[in-house]
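Worksheet for the structure shown next.
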Amino acid sequence: MTEFDLVIRNGHVATSDSEFDGDIGITDGKIAAMGEGLGEGAGEIDAAGRLVMPGGVDSHCHVEQISSNGVWTADDWFTATRSAACGGTTTIIPFACQHRGQSLRDVVRSYHDLAGPKAVIDYAFHLIVSDPTAQVLGQELPALIKDGYTSFKIYLTYDALMLTDRQFLDVLAVARRDGAMVMVHAENNDMIAWMAERLLQAGLRAPKFHAVARPMLVEREATHRSIALAELVDVPILIVHVSGAEAIEQIRWARDRGLKVYGETCPQYLFLTEDDLDRPGREGAKHMCSPPPRDAANQDIVWKALQDGVFEVVSSDHAPYRFDDPEGKFKAGPDAHFKQIANGVPGLEVRLPLLYSEGVRKGRLSLKQFIALTATNAAKLYGLYPRKGDIAVGSDADIAIWDTERKVTISQSLLHDNMDYTPYEGIDVTGWPITTLSRGRVVWRDGVFDAKPGSGVFYRCDTPPALDAPPRPVTAFDPVEGRLRP
Ligand code: URP
Ligand code: ZN
Ligand code: ZN
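Read in the numbering used here, the sequence shown has 195 at position 167, and its numbers run on one by one without any break.
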């Protein structure tokens, strides 16, 4: 008679707050015991010499979503989750994206229809709110929050998705009243549109002008504005995909004032620069995302902010549009100008190895910081902890086993998404997840992926703990309660 379904034996087990050498016993998909010399498992994995970590939680990725200019992501729920699993990630939180005129309920239903039969690892959803009608604000959002969709992203740019400041305030008020985290894409739309118009009038159409149209101050202004709007409503916010110094300064400024402002950055702001947008021919399009990658000095500042705790999360912002495909980046035609090229870069599978190699191996981040930034903090922020993001008795057995000495030159040919390029081609990394377990199932081992479409399941998110912060009112009138404060 065996004691566990599976035992991972003799690994170096690390979490965001502890490390030990020993075993993990797994039963019914959950961690049942941890320690030395555990009893036998029906299955055993020898992890001697390996690092055993919580599987990654990638809390910002776009899967089977149509972009603001009408291009479908290349990955569906099978290829995206397969790619995530092969890169050591065991939970993803993509978006159910409302386009104007749509009911959010219907949107959520249709994303479930896509995800349910195909996902191979577990997932939750953020909502994207682009049409905050009275029905959405008064009924759909509160009901969806109760049902476990406790975070929503709003855009301050992209004509098709963006909210006005007033609409943004309405959404913030719902978040405070009903208990949700608002994620903000912070870029000033009019500045971008104005710059882009003038660039195009001057005949400047190449991918590199994407970055010229969206200088750092565009992000700085929108970041500061978002912070001020959230301060007025007195609710936490999270600024997503922060690209560099000036937005970081705004987050630091807010934190110094005691505001609950959280930050996320992504590998593209650590590994790519605006020079990548100036590669020959159309190649620059492979590196186009919003906000755009900045320069080496900004990369250093982003690293420093990771070390200092300005960021809670490093996510991929996986937004995969194929390069050599009429339905991809250049759907608008081979001569598309920078405004017409689909924005976004892939990164689900390489997020962890890139950050581990350049962060932990090069001494920029401790192992605990790495695990917090790539798994635990996201689970906590979005109400999935302790089910996800940790190795602890009672948590799901979502585990990545790493060969920390493995040297890999990143190449699209190694990856398991549905893309035809990676912007990280040719980057050398040391350390790679060689085994991934999703709720105790081995889905990736020694180069072999093995999971059935539909074996991943949907998780409802709890109320984000950040919402429990004590009030910090700035006006005598409480605009959410609609009355003067006592
Ligand atoms: O360029 C990006 N980041 N594309 C994906 C959509 C978004 O704004 O996150
Ligand atoms: Zn965004
Ligand atoms: Zn995104």
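Cβ coordinates follow ideal geometry from the N, Cα and C atoms, glycine included.
Strand pairing of residue i, partner residues [DSSP]
i    : result
E47  : A42
H127 : Its beta-bridge partners do not exist; DSSP assigns none.
L266 : M211 and Y290
I120 : D86 and Y151
W281 : W281 is not bridged to any residue.
R473 : T463 and V476
S179 : M209
L346 : Correcting the residue identity first, residue 346 is His in this sequence and not Leu. H346 is bridged to C89 and V373.
L34  : I54 and G71
V341 : E292
F505 : L512
Euclidean distance between Cα positions of residue i and residue j
i    : j    : result
V268 : I220 : 18 Å
P160 : V263 : 18 Å
G356 : D328 : 32 Å
E453 : I255 : 36 Å
G411 : A403 : 12 Å
R226 : G372 : 23 Å
M316 : V378 : 17 Å
H154 : D304 : 30 Å
I427 : V470 : 9 Å
M81  : Q368 : 41 Å
K58  : A425 : 5 Å
Y384 : A201 : 38 Å
T30  : G67  : 7 Å
F32  : Q126 : 44 Å
V338 : A171 : 32 Å
S138 : I279 : 35 Å
Y349 : I94  : 10 Å
E277 : R205 : 29 Å
A70  : D506 : 58 Å
E168 : V136 : 11 Å
N326 : G272 : 5 Å
P498 : K314 : 44 Å
L142 : F123 : 12 Å
L245 : A224 : 15 Å
P461 : A494 : 31 Å
T55  : A152 : 23 Å
S423 : A61  : 10 Å
G166 : N97  : 29 Å
Proximity of residue i and residue j at Cβ, strictly below 9 Å
i    : j    : result
S344 : H40  : no
I121 : S44  : no
E274 : E247 : yes
A203 : L184 : no
D86  : A112 : yes
V99  : K359 : yes
G77  : G65  : no
T117 : G83  : yes
D418 : A407 : yes
W331 : L380 : no
G63  : L34  : no
I149 : A479 : yes
L334 : L401 : yes
Y487 : G115 : no
G207 : P501 : no
L189 : L257 : no
Candidates the options: closest to residue i by CA position
i    : options                   : result
K288 : Y297, C294, D306 and I265 : I265
P451 : A347, V199 and D336       : A347
A239 : D218, T464, T301 and L465 : T301
Q397 : S46, L172 and F32         : S46
L228 : Y290, A241 and S95        : A241
L376 : A42, D104, I59 and V35    : D104
D187 : N216, F351, V338 and Y487 : N216
G129 : A162, K146, G387 and T119 : A162
D74  : L409, A504, P501 and T463 : T463
F366 : R233, C114 and A143       : R233
A42  : P414, E259, L79 and R253  : L79
D218 : E249, P493 and Q195       : E249
A282 : Q296, A504, G309 and T251 : T251
A147 : K416, P492, S131 and V485 : V485
Q440 : G468, D284, A60 and P374  : P374
P320 : F237, D284 and L395       : F237
T192 : R253, R467 and R133       : R253
S483 : G468, R473, D496 and G475 : G468
Whole-Å CB distance - residue i paired with residue j, under 8 Å assumed
i    : j    : result
V164 : I182 : So it is not a contact: roughly 12 Å between Cβ atoms.
T458 : R389 : 5 Å
P362 : G312 : Not really, about 14 Å apart at Cβ, beyond 8 Å.
I36  : I429 : 7 Å
D448 : D352 : 5 Å
Y290 : E340 : 5 Å
T437 : D456 : 5 Å
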